[in-house]
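Here's the structure we're looking at; comments come further down.
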Amino acid sequence: EAQVTQNPRYLITVTGKKLTVTCSQNMNHEYMSWYRQDPGLGLRQIYYSMNVEVTDKGDVPEGYKVSRKEKRNFPLILESPSPNQTSLYFCASSPGTSGNTIYFGEGSWLTVV
Amino acid sequence: QKEVEQDPGPLSVPEGAIVSLNCTYSNSAFQYFMWYRQYSRKGPELLMYTYSSGNKEDGRFTAQVDKSSKYISLFIRDSQPSDSATYLCAMRQGGKLIFGQGTELSVKP
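Take a look at the structure:
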């Protein structure tokens, strides 16, 4: 089954404690990206990757890091989380950057206290 | 000014009504225009996408793009309670994907 898997799905953490949200896809997609969703703001793109070792900033990259060492994985790293990073996070992948279907993960609820 | 603007609603309609959802955008470089449906904060699912001005129909859904006016619409005919969800427009330029704020739709039986 084609899917994008995120972990953890739910996490409460404390300010400053580094955390990583993993994202894995089993469709051999070149393109992967991360979004955060906040009330009234819709989904905002954090980072995206066009292929292995190629990453670019989206609209809200501050406070986040990513890496793309292999095609299937695209982890999101919060080096020093702050309360304003409390949000619902989605990972997504697609074969390329045309209008292809973008597959979204189920989301990761992150709370920073 | 946001690159993509979408009326957040909420929008409430009776079953069987025609629903019109709209987005405007400012970046003429956008290449692909999409509509997503999202249930209860789950992952968005693609409803329709198009890359040219005009209409595209899929069952009860019609997507319309007017590049000259920088305006896109989604029409839902014969709306059903199961259509109740948040609808998000999205626009793509290369690797960048920009979403509207989402419109919450409720279809009442």
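Chains L and C supply the protein sequences, listed in that same order. For the first sequence, the residue numbers in the numbering used here are 117 to 229. For the second sequence, the residue numbers in the numbering used here are 46 to 154. We put the beta carbon where it would ideally sit given N, CA and C, even for glycine.
Asked                                                                                                        : Found
Chain C residues whose Cβ lies nearer than 8 Å to that of TYR205/L                                           : Neighbours of TYR205/L on chain C: none; closest Cβ ~11 Å, over 8 Å.
Members of the region 215-226 of chain L that neighbour chain C once the beta carbon cut-off is set at 9 Å   : GLY215, ASN216, THR217, ILE218, TYR219, PHE220, GLY221, GLU222, GLY223 and TRP225
ILE121/C to PHE144/C span [Cα, whole Å]                                                                      : 20 Å
CA nearest to the CA of SER210/L, picked from GLY158/L, GLY174/L and SER149/L                                : SER149/L
Proximity winner among PRO154/C, GLN46/C, PRO89/C and SER71/C, relative to ASP123/C (alpha-carbon distances) : PRO154/C
Alpha-carbon spacing of VAL120/L relative to THR171/L, whole angstroms                                       : 18 Å
Where the region 145-160 of chain L meets chain C: residues whose CB sits under 8 Å from a CB there          : TYR147, SER149, TYR151, GLN153, GLY156, LEU157, GLY158, LEU159 and ARG160
Beta carbon proximity, MET166/L to chain C, threshold 8 Å                                                    : yes
Under the three-state DSSP convention, the category ASP128/C falls into                                      : helix
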